[in-house]
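Asker: Handing you a structure now.
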Ligand SMILES: [Zn+2]
């Protein structure tokens with residue numbers, strides 16, 4: 063009689079965690095940190111929302127499309143694009 067061990071139960075692969083690059087506090091590979099969504103729509107890309115980014119080197123804050131957050135360079139000290147205008151929509155949410 064031979065016992066066959068199936069060993070490790072399969073389906074142990076649960077790599078379904080999405081890499082969320084637009085969550086506040088996310089820091090991309092260039093030291094650019096997501097401050098949060100401004101809620102404003104992108105002026106250059108349909109369906110995109112502008113996020114407020116802050117450079118961890120020079121402290122500059124600027125706007126970036128959600129899809130650009132991951133590879134964004136600082137416009138101030140890394141030669142990145144100027145990016146999207148930051149509109150102070152946060153004030154509208156205060157009350
Ligand atoms: Zn910078």
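Numbering (the numbering used here), first residue to last: 63 to 157. Quick reminder that beta carbons are idealized off the backbone N, C-alpha and C, glycines included. Note that the coordinates shown come from a computational prediction; the quantities given were computed from them, not determined experimentally.
#1: Looking at C-alpha atoms only, which residue of 115, 93, 129 is the closest neighbour of residue 82?
#2: Just to confirm the assignment, what range does the beta strand (DSSP E) spanning residue 97 have?
#3: With DSSP collapsed to three states, give me the class of residue 131.
#4: Name the two residues that bound the continuous beta strand (DSSP E) containing residue 114.
#5: Let me check one thing: in DSSP terms, what residues is residue 125 bridge-paired to?
#6: For residue 89, which residues does DSSP report across the bridge?
#7: Is the Cβ-Cβ distance between residue 116 and residue 131 less than 9 angstroms?
#8: Could you tell me if residue 108 is buried or exposed, where buried requires 16 or more neighbouring beta carbons within 10 angstroms of its beta carbon?
#9: Indicate whether residue 89 and residue 135 have their beta-carbon atoms separated by less than 9 angstroms.
Answerer: Concretely, from the data shown:
#1: 129
#2: 94 to 103 is the extent of the beta strand (DSSP E) around residue 97.
#3: helix
#4: 111 to 117
#5: 114, 146
#6: 95
#7: Cβ atoms of residue 116 and residue 131: not closer than 9 angstroms.
#8: exposed
#9: No, these two residues do not count as a Cβ contact at 9 angstroms.
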